[in-house]
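Take 11 as the starting number for the sequence shown in the working numbering and just add one per residue.
We treat Cβ as the ideally placed atom computed from N, Cα and C, and that holds for glycine.
All remarks here apply to the structure that follows.
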Amino acid sequence: MAGLAGSTWRLVAFQSMDDAQGATKPGEGRAYTLDFGSDGTIAMQLDCNRGRATWSAVPGTDGRSGQLAIGPGMTTRALCPQPDIGPMMARRLSDVASYTLKDGHLFLALKMDGGIFELAPR
11 MAGLAGSTWR LVAFQSMDDA QGATKPGEGR AYTLDFGSDG TIAMQLDCNR GRATWSAVPG
71 TDGRSGQLAI GPGMTTRALC PQPDIGPMMA RRLSDVASYT LKDGHLFLAL KMDGGIFELA
131 PR
């Protein structure tokens, strides 16, 4: 967990593997962040909502990638202005299978080619 522990990331885009959906980016002024705690918890800001889940990682030998599991989380349920990608993000984070650190960004790949979250340091 050492590589991600203590780091905070903001969502840049979600790239779906479905060409019809393509890339989804947060709207201007919208905040979607993941804060990887060293205690194995992850704090989430999902626009006007907050959430919490557990996480664990098994780093690869290259030190820049590895397996990542994010447990089912709990979130508040305020009605954020539309379009709001927070519910999709909260739902899909439990499908994360691996991570890669590349060019200063964090990429979270979903199981079964479900898509990729791209995050930048906060």
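Cα-Cα separation between residue i and residue j, rounded to whole angstroms
i, j, result
"G13", "P69", "8 Å"
"A67", "G114", "18 Å"
"Y42", "L21", "5 Å"
"A53", "P97", "15 Å"
Residue i, buried or exposed, once every other Cβ within 10 Å from all chains shown has been counted against 16
i, result
"L89", "exposed"
"Q55", "buried"
"G39", "exposed"
"A100", "buried"
"D57", "buried"
"T87", "The identity of residue 87 in the sequence shown is Arg, whereas the question assumes Thr. Result: exposed."
"R102", "buried"
"G32", "exposed"
"A15", "exposed"
Whole-number beta carbon distance between residue j and residue i, since they are thought to touch under 8 Å
i, j, result
"P36", "I95", "6 Å"
"F24", "F117", "The pair is not a contact, with the Cβ atoms about 11 Å apart (cut-off 8 Å)."
"T18", "D45", "4 Å"
Cβ pair residue i, residue j closer than 8 Å
i, j, result
"M27", "D105", "no"
"G83", "G61", "yes"
Report yes or no: do the segment 75-90 and the segment 107-122 share at least 3 C-beta pairs separated by less than 8 Å?
-> yes
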